[in-house]
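Per the numbering used here, residue 13 is the first one in the sequence shown, and the count goes up by one each step.
For glycine and all other residues, C-beta sits at the position ideal for the given N, C-alpha and C.
Computed from a prediction, not measured in an experiment: that's the story for all the values here.
Since the structure comes first, as structure tokens, the remarks are kept for the end.
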Amino acid sequence: MTGTLLLALNFPPFGGGIARMMGEVALRYPPRSLTISTGTWPGWEAGDPRFPQTIDRVAIGAKRLRTLNGLGLWTWRAASLARRTRPGFVWCDEVKPAGYPATWLHARGGPPFGVIAHGADFLLLDAKIRRSVFKRWTARHILERCSVVAANSHWTADLARSVLEFLGCRALAADVRVVPLGTTPSRFRPGLDPAPARRRHRLEGGPWLLTVARLDYHKGIDTVIRALPAIRAVFPTACYAVAGIGSRRDALERLVAELGLGDAVRLLGFVS
């Protein structure tokens, strides 16, 4: 057995932080040592050649991999891919839905698999397993067969341990690994002059609070905006910048206007 298989709903050009992370992982694995199984997304034909890995795309939109039909197609395709490439290990970009085909492969003599934990995924899973017996059963069915959980921070690791303990996966909970998110040192390092970026994005003054995230409900950006008047009562020049795109931009702009914070909040959009 050689190489690694990555089962990923989130993979470029699909947007979001998890997809970006999976893309960066694919760029940095030794060439042709990683096989990625994912769905389609507009622009994938132009984007895939930049990765030095084999990318196998199920003939279905990435978001539909969550559906029953999508999972059936994905599992069948992943099984065919595993027979052909004989990977030694399988990574899941999230516990669900990628955990379903990984579990199916493992139960039929396939390779061991691991799950990457990001934060929101386990927050949502925690809420679901506490109110639904079926969700609890499906999560346990996946995670009791999982070999390792790799968390992106100590906070995420603690959350994952709590979920795993609740599901009765105590051995896995005791061995959650922490792999902090990386950066590109040539672009992000101590000693860089921030003045050009501050000028470009109109971030003069401050101090500045910063969020880098998709503009989604669960990110808590609206909570920070609502808290900003209280923060400014103590630190009058405090401001808030948000780098990211998403479906909640209009709602956040309305909230900023309602609170009269137009001079203190910057929604920067996508920042490269």
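Distance, glutamate 265 Cα to serine 174 Cα: Position 162 of the sequence shown, counting from 1, holds the residue named residue 174. Position 253 of the sequence shown, counting from 1, holds the residue named residue 265. Roughly 36 Å between the two C-alpha positions.
Bridge partner(s) assigned by DSSP for leucine 17: As a first step, residue 17 is located in the sequence shown; it is residue number 5 there, counting from the start. DSSP lists Thr47, Val102 as partners of leucine 17.
Paired residues, beta bridge with arginine 278 - DSSP: Stepping through the sequence shown from its first residue, residue 278 is reached at position 266. In DSSP, arginine 278 forms a bridge with Ala253.
DSSP beta-bridge partners of phenylalanine 125: The count along the sequence shown starts at 1 and reaches residue 125 at position 113. Phenylalanine 125 is bridged to Val102.
Segment limits, alpha helix (DSSP H) that includes arginine 142: For this step, residue 142 is matched to residue 130 along the sequence shown. Counting along the chain, the alpha helix (DSSP H) containing arginine 142 begins and ends at 132 to 143.
Three-pair Cβ contact test at 8 Å for the segment 251 to 259 versus the segment 226 to 238: yes
Isoleucine 67 and glycine 82 closer than 8 Å at C-beta: Reading the sequence shown from its first residue, position 55 is the one you call residue 67. Reading the sequence shown from its first residue, position 70 is the one you call residue 82. Result no, Cβ atoms of isoleucine 67 and glycine 82 do not sit closer than 8 Å.
Cβ contact check for the segment 196 to 205 and the segment 173 to 187: 3 or more pairs under 8 Å: no
Test item: CB-CB of glycine 51 and alanine 74 under 8 Å: Taking the first residue of the sequence shown as position 1, residue 51 is located at position 39. Taking the first residue of the sequence shown as position 1, residue 74 is located at position 62. Yes, the pair counts as a contact, with Cβ atoms nearer than the cut-off.
Inter-residue Cα distance where the pair is valine 188 and cysteine 181: Indexing the sequence shown from 1 puts residue 188 at position 176. Indexing the sequence shown from 1 puts residue 181 at position 169. If you take the alpha carbons of valine 188 and cysteine 181, they lie about 11 Å apart.
Close-in-space but distant-in-sequence residues of the same chain around leucine 136 (CB under 8 Å, 5 per side omitted): Indexing the sequence shown from 1 puts residue 136 at position 124. The residues are His230.
C-beta atoms of leucine 17 and valine 102 nearer than 8 Å: Counting from 1 along the sequence shown, the entry for residue 17 is found at position 5. Counting from 1 along the sequence shown, the entry for residue 102 is found at position 90. Contact: yes.
Contact set for leucine 69: own chain, Cβ-Cβ below 7 Å, skip 5 residues either direction: Stepping through the sequence shown from its first residue, residue 69 is reached at position 57. It should be pointed out that residue 69 corresponds to arginine in this sequence rather than to leucine. Within the same chain, arginine 69 has close Cβ partners Thr50, Gly51, Thr52, Trp56.
Contacts around phenylalanine 171, its chain only, beta-carbon distance under 6 Å, and the 5 residues preceding and following it disregarded: By 1-based counting over the sequence shown, the position of residue 171 is 159. Strictly speaking, residue 171 in this sequence is leucine, with phenylalanine absent from that position. Closer than 6 Å at the Cβ level, and outside the excluded window around leucine 171, lie Phe134.
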